[in-house]
Amino acid sequence: MIGMTKNILFYVFLFFLISSCDNGLDKITPPAERSAEAISNLRDDLEEPANGWVLNYQPTPESGIFYLLLKFNDDGTVRIQSDVPGDEDYFYDQTIPYRIDTRLSLELIFETYAVLHYLFEQNASTFGAEFEFYYLEKDGDNLMFASKSDNLGENTVITLEPASADAADVFSRELPENLFAYDTISSLFVGPMQHISLTEENLSIFWSINLDERNISVSSVGEGLSVSEVATINNTKILNHQTGYGFSDGKLVLSDPLNFSFGGENITISEMSLNSYSETGPPMCTDNPIATPVYSGSVSGLGNTIMYKTLFDVKGMDFQPQSESPYSINVFYVADSTGISISQRGSIEELFPTANWFLFNYGFDDDNPSDPLDPQPAYAVGLERSTDAGDRTILREFVPTITVNNTVSVVPTDNYWPNDITAEEISNLEIVVDEIFGDDGGIIHALNYTIESQPDLTIFTLYNACNNYEFLLVQ
Amino acid sequence: MIDSMKNLFYIIKLGGYLGSCLLFGAVILVVTSCFEEDKLDVPVGDVEEPTTALDKYIDSNFTEEYGIAIRYKYVDNFVNPGQRVAPPKLEVVRPMLDLVDEYWIDVYEDVDGGEQYFRRYVPGELVFLGGLIYNGDGTVTLGTADAGARITFTDVNSIDFDDDEWLLRQLHTVYHEFAHIVHQNDKLPPAFEEIAAAGYSSAGSWFNLTDEEALMRGFVSPYATSSPNEDFAETIAFYMAEADFFEDYITLEEDCTTAACEDRNEGRVLILEKLNAIKEHYLKSTGVDLDDLRASVQSRL
Chain X
1 MIGMTKNILF YVFLFFLISS CDNGLDKITP PAERSAEAIS NLRDDLEEPA NGWVLNYQPT
61 PESGIFYLLL KFNDDGTVRI QSDVPGDEDY FYDQTIPYRI DTRLSLELIF ETYAVLHYLF
121 EQNASTFGAE FEFYYLEKDG DNLMFASKSD NLGENTVITL EPASADAADV FSRELPENLF
181 AYDTISSLFV GPMQHISLTE ENLSIFWSIN LDERNISVSS VGEGLSVSEV ATINNTKILN
241 HQTGYGFSDG KLVLSDPLNF SFGGENITIS EMSLNSYSET GPPMCTDNPI ATPVYSGSVS
301 GLGNTIMYKT LFDVKGMDFQ PQSESPYSIN VFYVADSTGI SISQRGSIEE LFPTANWFLF
361 NYGFDDDNPS DPLDPQPAYA VGLERSTDAG DRTILREFVP TITVNNTVSV VPTDNYWPND
421 ITAEEISNLE IVVDEIFGDD GGIIHALNYT IESQPDLTIF TLYNACNNYE FLLVQ
Chain V
476 MIDSMKNLFY IIKLGGYLGS CLLFGAVILV VTSCFEEDKL DVPVGDVEEP TTALDKYIDS
536 NFTEEYGIAI RYKYVDNFVN PGQRVAPPKL EVVRPMLDLV DEYWIDVYED VDGGEQYFRR
596 YVPGELVFLG GLIYNGDGTV TLGTADAGAR ITFTDVNSID FDDDEWLLRQ LHTVYHEFAH
656 IVHQNDKLPP AFEEIAAAGY SSAGSWFNLT DEEALMRGFV SPYATSSPNE DFAETIAFYM
716 AEADFFEDYI TLEEDCTTAA CEDRNEGRVL ILEKLNAIKE HYLKSTGVDL DDLRASVQSR
776 L
């Protein structure tokens, strides 16, 4: 009896085992089918919103916002609208193919060139924008993705939000288009600089703006509305505020609002309406009086604003005569109007191929000259280069001068140093100096330049607005 | 496959202003290499059913006609991990196909025996990439090919048939890589590597050579010194694409008064000897006369 019961239990167990195995096998879907189903589901989700998706795209934590509208179509294409100017409005409205792949997870790939790829290519493809994304999850009505090719730990999570019917109304494309006019006549190192005049507050804010990556570095605030007023009153404050920005509904919107106190007043700027654009501002170079852009606008609570182009830098006013030693820089950091080092391709490379240092004597007191009868001139510009006899310095004197605001007038003379300088050296140095400063000399703007890895090093970039030449100098 | 794609084609070494985006002293180095062990008869691979007019054109004129798959939609394994490049604009694909037609396929069809040879050995894939390939180490790859199985055109978004530099770069790419197919199938000309044997550079050191130094050694480019195979492919590519090939690399400078001039002329003698060996070998092994090919290419430029 016990044996029969055991047998019954065994067969019952076997029945359930087999039954359960059958059911399990039935439930297992082949991988290819599961992939196809996952792709289909995501495609359905992407195509679902009637007005497509809004993407406020911030490629990196430091960058600003790019406003995109995406409408996925059932033919495998996606229409992308953006507020990114360039290439004759190429990026405003495009339809390109997209693909959903499955590998370790679902991937969304924008297959041919559009605005995302344009952003990807910025700064020699190091900016951090993406056009390949991993699908993360559905969060309510939103779809979440993560960038695929960012470096480990730097992945950017993006959120597609269903767009409203009027989502395209907030495009403010004329703003970034107009702001690009501020990019001309700008330092290679510092970028376009703007002077925001708060007319009712009698304040001026100075910042540099990166128009490609959409971030702003606010340098200072000063009392007064014009540069000359700010410099004369000399009541300024360094701010050092970094923020991304974007555009929405006719406004420049700061990602991190600017907050500071000045003259007993707390100032907050989170967005700025930009209303009226003209090219009526003061020229940057007196020899070449091209009008510069001006944007009139307002800030809520602070009243009217005027956004000028400027080369004024409060920190640049610290570029002062230095008696103890010349200013100098590796000759590599002397650039022509196109940003090419003239030690690599240009007059220094051709005339002084072994030059190592670019020298700028600004009030230098040569109290220990190698030749007591031939001290270096206090105001001079020149080069140190390697020769068979050792390092040799040659200089061309310029008229003694002072820093006015953050500008220095460099007017070369016909005096050269040292006494034994050859005719060929004089001729070649004359060519180099005239090329950098202009035939009759000119005014250069001193701008503070900070290297992130060496914040304690005081570096100025000296920018010639008349010919776009530029060189760094280390204090 | 990607691991074997170690072929660097053209490289720009970029200087930088403190690591910024400024391009100081850009130096273009013409470079080629291929992975010789790879098989050439790689199948075309998966091809989606064409739906757009462009894809139907490709299917009809390239895939069905020659067995070539045209890859213009981005796939990340077109480049190595760490390399960054964007895909092409949709509207440049058709003009690029026209370029491939006019400056490569039609050239072979123009000459005796060319079409037969082309159809037999044409690579299975042509990849179009929109920009330059940034390598993350300050260099930029301008074009790659994968042992005759795949030829990758870069910077196609800059397409401009009136831009000689751009057009020559594309022609160099395609003729260099196709030249490898010849020696992969029919070996190098006899004793080819002995003609300028002393001039080949040690591994990885071709970077340090200037164009003039390469010429003095008897090579058309620094990268040609990296191996006899690359020398063979570079010489053919330069011969096909460069209008001034004879002036620059063959014709001796007269009235030399400097050692450098004499060295350049000695290099030119070696290049001529190699070119003659290549032409004879090419005709014998492929049935195609390189002079006819060059004439056909040059007539289109």
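Those protein sequence lines, which keep their order, are chains X and V. Here the first sequence is numbered in the working numbering, starting from 1 and rising by one per residue. Here the second sequence is numbered in the working numbering, starting from 476 and rising by one per residue. A virtual CB, placed ideally from N, CA and C, is assigned to each residue, including glycine.
Could you list which residues in chain V have their beta carbon closer than 7 Å to that of X:Glu111, in chain order? Within chain V, the residues near X:Glu111 are Lys548, Tyr549 and Pro562.
Is the shortest distance between the beta-carbon of X:His445 and the beta-carbons of chain V less than 8 Å? Closer than 8 Å: no.
Nearest-angstrom Cα separation, counted from X:Ser325 out to X:Gly191: The C-alpha of X:Gly191 lies about 29 Å from the C-alpha of X:Ser325.
Buried versus exposed, by CB contacts within 10 Å (16 or more), X:Gln94: It counts as buried.
Output, in sequence order along the chain, the residues in the stretch 176 to 202 of chain X whose CB is closer than 9 Å to any CB in chain V. The residues in question are Leu188 and Phe189.
Which ranges would you report for the alpha helix (DSSP H) in the stretch 608 to 694 of chain V if only whole runs of at least 4 residues count? DSSP runs (the alpha helix (DSSP H)) wholly in the stretch 608 to 694 of chain V: 639 to 661, 667 to 670 and 686 to 692.
DSSP-derived helix/strand/coil call for V:Arg769: The answer is helix: DSSP assigns V:Arg769 an H, G or I state.
Give a yes or no on whether the C-beta atoms belonging to X:Glu397 and X:Pro369 are separated by under 8 Å. No, the pair does not count as a contact, with Cβ atoms beyond the cut-off.
Flag this pair as yes or no: are the beta carbons of X:Ser204 and X:Leu179 separated by less than 8 Å? In this structure, X:Ser204 lies away from X:Leu179, with their beta-carbon atoms at least 8 Å apart.
What's the gap between the Cα of X:Gly76 and the Cα of X:Ser270? Distance between X:Gly76 and X:Ser270, taken at the CA atoms: about 40 Å.
Stretch pair the stretch 383 to 398 of chain X + the stretch 443 to 461 of chain X: three plus CB contacts closer than 8 Å: No, the stretch 383 to 398 of chain X is not in contact with the stretch 443 to 461 of chain X.
Helix, strand or coil for V:Asn704 per DSSP? Correct three-state label for V:Asn704: helix.
On the three-pair Cβ rule with 8 Å, is the stretch 224 to 240 of chain X touching the stretch 57 to 66 of chain X? Taking 8 Å as the limit for Cβ pairs, the verdict is that the stretch 57 to 66 of chain X does not touch the stretch 224 to 240 of chain X.
Just to confirm, is the Cβ distance from V:His651 to V:Ala689 under 8 Å? Contact annotation: V:His651 and V:Ala689 have beta-carbon atoms that are not nearer than 8 Å.
Take the Cβ of X:Val157 as the centre, count every other Cβ of all protein chains shown within 10 Å, and call the residue buried at 16 or more, exposed below. Exposed, because fewer than 16 other Cβ atoms sit within 10 Å of the Cβ of X:Val157.
Going along the stretch 628 to 656 of chain V in order, which residues come within less than 9 Å of chain X, judged by CB to CB distance? From the stretch 628 to 656 of chain V, only Asn632 have a Cβ closer than 9 Å to chain X.
Closest to X:Cys285 by C-alpha separation, out of X:Glu47, X:Asn468 and X:Ala38, would be which residue? Looking at the Cα atoms, X:Asn468 is the closest of the given residues.
Between V:Val778 and X:Ser164, what straight-line distance do the alpha-carbon atoms span, to the nearest angstrom? The structure shown does not extend to residue 778 of chain V, since chain V spans only 476 to 776, so no value can be given for it.
So what does X:Leu258 bridge to, in DSSP terms? Per DSSP, the beta-bridge partners of X:Leu258 are X:Ile269.
Please list, in chain order, the chain V residues whose beta carbon lies closer than 9 Å to that of X:Pro97. Correct list: Thr527, Lys548 and Leu565.
Hey, is the stretch 166 to 173 of chain X in contact with the stretch 241 to 249 of chain X, meaning 3+ C-beta pairs nearer than 8 Å? At 8 Å Cβ cutoff, the stretches touch.
Cutoff 8 Å: X:Ser328 Cβ touching any chain V Cβ: Taking Cβ atoms only, chain V never reaches closer than 8 Å to X:Ser328, which makes this a no.
Go through its chain and collect everything with a Cβ distance to V:Val582's Cβ below 7 Å, but skip five positions before and after it. Leu768, Ser771 and Val772.
Which residue from V:Lys564, V:Ala716, V:Ala624 and V:Val744 puts its Cα closest to that of X:Ala114? Closest option to X:Ala114, Cα to Cα, is V:Lys564.
Can you tell me which of X:Leu104, X:Phe352 and X:Ile402 puts its alpha carbon nearest to the alpha carbon of X:Glu424? Out of X:Leu104, X:Phe352 and X:Ile402, X:Phe352 has the C-alpha closest to the C-alpha of X:Glu424.
Listing by chain order, which chain V residues have their CB less than 7 Å from the CB of X:Glu121? Simply Ala561 and Gly606.
Indicate whether V:Tyr592 and V:Gly762 have their beta-carbon atoms separated by less than 8 Å. Contact: yes.
Would DSSP call X:Ser228 helix, strand or coil? DSSP places X:Ser228 in the helix class (H, G or I) of the three-state scheme.
Residues in its own chain within less than 8 Å of X:Ser298 by CB, not counting five upstream and five downstream? Excluding the 5 residues flanking it on each side, X:Ser298 has same chain C-beta neighbours closer than 8 Å at Met272, Ser273, Asn275, Asn304 and Thr305, in chain order.
Hey, how far is the Cα of V:Gly494 from the Cα of X:Asp391? Annotation note: pLDDT 33 at V:Gly494 (below 50); position unreliable, coordinate value reported separately. Those two C-alpha atoms are separated by around 28 Å.
Would the stretch 741 to 751 of chain V and the stretch 712 to 727 of chain V be scored as touching if the rule is three or more Cβ pairs under 8 Å? Output reads yes: the stretch 712 to 727 of chain V touches the stretch 741 to 751 of chain V.
Per DSSP, which one or two residues make a beta bridge with X:Thr159? DSSP, once it has assigned bridges, lists X:Met144 as partnering X:Thr159.
If you check the beta carbons only, do V:Gly611 and V:Gly693 fall under 8 Å apart? Not in contact: V:Gly611 and V:Gly693 (Cβ atoms no closer than 8 Å).
Comparing C-alpha positions only, which one of X:Pro85, X:Pro97 and X:Gly441 sits nearest to V:Tyr549? Comparing Cα-Cα distances from V:Tyr549 to each of X:Pro85, X:Pro97 and X:Gly441, the minimum goes to X:Pro97.
When the Cα of V:Glu728 is compared with those of V:Leu574, V:Asp637, V:Asp706 and V:Arg743, which residue comes out closest? The candidate whose alpha carbon is nearest that of V:Glu728 is V:Arg743.
Step through the CB atoms of chain X and report whether any lies within less than 8 Å of the CB of V:Tyr437. This structure cannot speak to residue 437 of chain V, because chain V is shown only from 476 to 776.
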